[in-house]
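Asks: Quick one: the structure is below, questions incoming.
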Amino acid sequence: MRQPKRVHISRQRLPYATNCSSSWERTWYSQQVNGAYIYSSEMDLVLQRCQRICLQLTFEEKCNCSHPSYIDLDTGYSPCNLTSSSESYRCATDTLYEFESRQRECSCNMDC
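What the sequence shown shows, in UniProt numbering, is residues 1 to 112, in sequence order.
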């Protein structure tokens, strides 16, 4: 019986089409991440983490509060009041819709 071949696939930085990132410097969030991460002083760039930080910073900018589900950075903003009758809830819902409908996007690439 023959053994299956192993294939190693890796993402490559520019000029290759994958345009992956291995550092926060290639995102819009490097300044905010530097020294503000709650869980570790040294934070690796991972696509999911980058997207969460993007959402957190957007809520803070647009709604003047942090969505409780996306508090990865210690930025000093209070959590949004997400009761259905609050202004923060409407703002958070509108913001999530903007991302879902691609009216807004994060500057996050796949990690290398």
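All C-beta atoms in this analysis are idealised placements derived from N, C-alpha and C, irrespective of residue type, glycine included.
1. Check whether the region 81 to 99 touches the region 54 to 64, counting contact only when three or more Cβ pairs, one atom from each stretch, lie closer than 8 Å.
2. Tell me which same chain residues have a C-beta within less than 6 Å of the C-beta of Phe99, skipping the five on either side of it?
3. Between the alpha carbons of His67 and Gln3, how many angstroms are there, rounded?
4. What is the DSSP secondary structure of Asp111, counted as helix, strand or coil?
5. Thinking C-alpha only, which one of Ser84, Ala92, Asp94 and Phe59 is nearest Tyr77?
Replies: Checking against the coordinates, here is how it stands:
1. As far as the Cβ criterion goes, the region 81 to 99 touches the region 54 to 64, which means the pair count is three or higher.
2. Start at 1 with the first residue of the sequence shown, and residue 99 comes out as number 99. There are no such residues.
3. On the sequence shown, residue 67 is found 67 positions in, with the first residue counted as 1. On the sequence shown, residue 3 is found 3 positions in, with the first residue counted as 1. Each residue's Cα considered, the two are about 50 Å apart.
4. Taking the first residue of the sequence shown as position 1, residue 111 is located at position 111. For Asp111, the three-state secondary structure derived from DSSP is strand.
5. Stepping through the sequence shown from its first residue, residue 77 is reached at position 77. Ranking the options by Cα distance to Tyr77, first place goes to Phe59.
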